[in-house]
Amino acid sequence: MTVAPGPPPEARPEPRPRRVRIGGVEFDAVTEDRAVAYVMERARRGEGGHILTPNVDILRAITRDRPPHDGAEARPGGRPGDGAGARPGGTPLRELAGRAELVVADGMPLVWASRLLGDPLPERVTGASLIWSLSAAAAEHGLPVYLLGGAPGVPERAARNLAARCPGLVVAGADAPPYGFDADPVEREAVCARVVAARPGIVFAGLGFPRQDLLIDGLRERLPGTWFAGCGAAIAFAAGERRRAPRWMRDAGLEWAGRLLAEPRRLAGRYLVRDLPFAVSLLARAALARLTSREPYGGAPAARRTAESPGTRP
Numbered sequence: 001m002t003v004a005p006g007p008p009p010e011a012r013p014e015p016r017p018r019r020v021r022i023g024g025v026e027f028d029a030v031t032e033d034r035a036v037a038y039v040m041e042r043a044r045r046g047e048g049g050h051i052l053t054p055n056v057d058i059l060r061a062i063t064r065d066r067p068p069h070d071g072a073e074a075r076p077g078g079r080p081g082d083g084a085g086a087r088p089g090g091t092p093l094r095e096l097a098g099r100a101e102l103v104v105a106d107g108m109p110l111v112w113a114s115r116l117l118g119d120p121l122p123e124r125v126t127g128a129s130l131i132w133s134l135s136a137a138a139a140e141h142g143l144p145v146y147l148l149g150g151a152p153g154v155p156e157r158a159a160r161n162l163a164a165r166c167p168g169l170v171v172a173g174a175d176a177p178p179y180g181f182d183a184d185p186v187e188r189e190a191v192c193a194r195v196v197a198a199r200p201g202i203v204f205a206g207l208g209f210p211r212q213d214l215l216i217d218g219l220r221e222r223l224p225g226t227w228f229a230g231c232g233a234a235i236a237f238a239a240g241e242r243r244r245a246p247r248w249m250r251d252a253g254l255e256w257a258g259r260l261l262a263e264p265r266r267l268a269g270r271y272l273v274r275d276l277p278f279a280v281s282l283l284a285r286a287a288l289a290r291l292t293s294r295e296p297y298g299g300a301p302a303a304r305r306t307a308e309s310p311g312t313r314p
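When you line the sequence shown up against full-length UniProt numbering, it's residues 1 to 314, in that order.
In structure tokens:
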């Protein structure tokens, strides 16, 4: 007896990535390619989400539940405090991180900590790289992108550069809102209304943490099928306003040193006074968690293999 073939089975969804707990935050164990594939598969199904890209400074802020002091990622030459600002609505940063669909490690010390735990993240995934790979995929899948953040003219230059490298990319909008707009309800709503009206498939928000991610959190209900990437200085990099460190420095986990050499006055306090001690403590705690595990390599209970950072315990 011949059985007529039925309809082709629906493609299986990209599985939820496993997660690694570092400093009290759950990171997705994904390569950049898999992160892009996950976003595209969910977007095809009409599902949106939030991509959070913590580095050491952001993880420090989340674990201590207060904004960074100088996260001037929103605009080149920004004065100290540009990226921090107030937290509208008082949303706890840890709660904000917990709501993100994808949390990727934009800092090699976080990858090193995962390796010390015996539960390694496959690679560093940066916002500065995702803006290119997600735009290329968006062009292929017909998803319009929106660039939000940077000094006047910067998102427009970034849009031109992205469109030149990603044939077919549709840029739904490029907006450089004025500094402090998110503290003014009228200005904030005007910016949000422009994003909503553009109906983008992907929004790159480069306003600095936590401002960009708080704005994303408020937009998600209004654009449930849109993906949002908090990308810090990525728009400035894409525009050519800033230069990334050489590839060898990035591969060695020294991109922070390249940025420090380029902007010593702005970044010395952040990198050397606040982030370096935090990173050293994080790595030490990860090593200790691994050494005190009673299970074989990689097999310890998750709670015992967690590198809790200073300030995460009562």
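Ideal placement from N, C-alpha and C gives every residue a C-beta, glycine not left out. Because the structure is a prediction, the values reported are computed rather than measured.
- Under DSSP, the beta-bridge partners assigned to D28 are R19.
- Remark: three or more beta-carbon pairs, one from each stretch, lie closer than 8 Å, so the segment 119-129 and the segment 26-34 are flagged as touching.
- Taking the CA atoms as reference points, L147 sits about 10 Å from A234.
- Under the three-state reduction of DSSP output, A238 falls in the helix class.
- DSSP places L102 within a strand segment (E or B) once states are collapsed to three.
- By the 16-neighbour rule on beta-carbons within 10 angstroms, V195 is buried.
- P167 and R157 have their C-alpha atoms some 16 Å from each other.
- By the Cβ rule, the segment 38-52 counts as touching the segment 138-146, because three or more pairs are nearer than 8 Å.
- DSSP places L52 in the strand class (E or B) of the three-state scheme.
- The alpha-carbon of E47 is positioned some 27 Å away from that of A176.
- Taking P152 as reference, the option from G24, L282, L288 and A239 with the minimal CA-CA separation is A239.
- Its chain contains R19 and V103 as the residues whose beta carbon lies nearer than 7 Å to that of E26, once the 5 sequence neighbours on both sides are disregarded; these appear in chain order.
- A233: not part of any beta strand (DSSP E); DSSP gives it neither H nor E.
- In the DSSP annotation of this structure, the continuous segment of the beta strand (DSSP E) that includes G173 starts and ends at V171 to D175.
- When C-beta atoms of the segment 103-121 are compared with those of the segment 281-289, three or more pairs fall below 8 Å, so the two segments count as touching.
- The Cβ neighbour count for W112, taken over all protein chains shown within 10 Å, is at least 16; the residue is labelled buried.
- Between P200 and P144, the C-beta gap is smaller than 7 Å, which places the two residues in contact.
- In the DSSP assignment, L134 falls within the alpha helix (DSSP H) that extends over G127 to H141.
- Secondary structure at A151: coil, using DSSP grouped into helix, strand and coil.
- Restricting attention to R64, P17 and A100, the CA atom closest to the CA of W227 is found in A100.
- In terms of Cα proximity to G269, the closest of D57, I51 and R211 is D57.
- Between G150 and G206, the CB-CB gap stays under 7 Å.
- Going by beta carbons, E187 and F181 fall inside the 7 Å limit.
- Counting along the chain, the unbroken beta strand (DSSP E) around A205 starts and ends at I202 to A205.
- Spanning the alpha carbons of E221 and V191 requires a straight line of approximately 15 Å.
- Taken through DSSP and simplified to helix, strand or coil, Y271 comes out as helix.
- In the three-state scheme derived from DSSP, where H, G and I count as helix and E and B as strand, Y179 is classed as coil.
- Counting along the chain, C192 sits inside the alpha helix (DSSP H) bounded by residues P185 to A198.
- Using a Cβ distance threshold of 7 Å, T53 and G24 do not count as a contacting pair.
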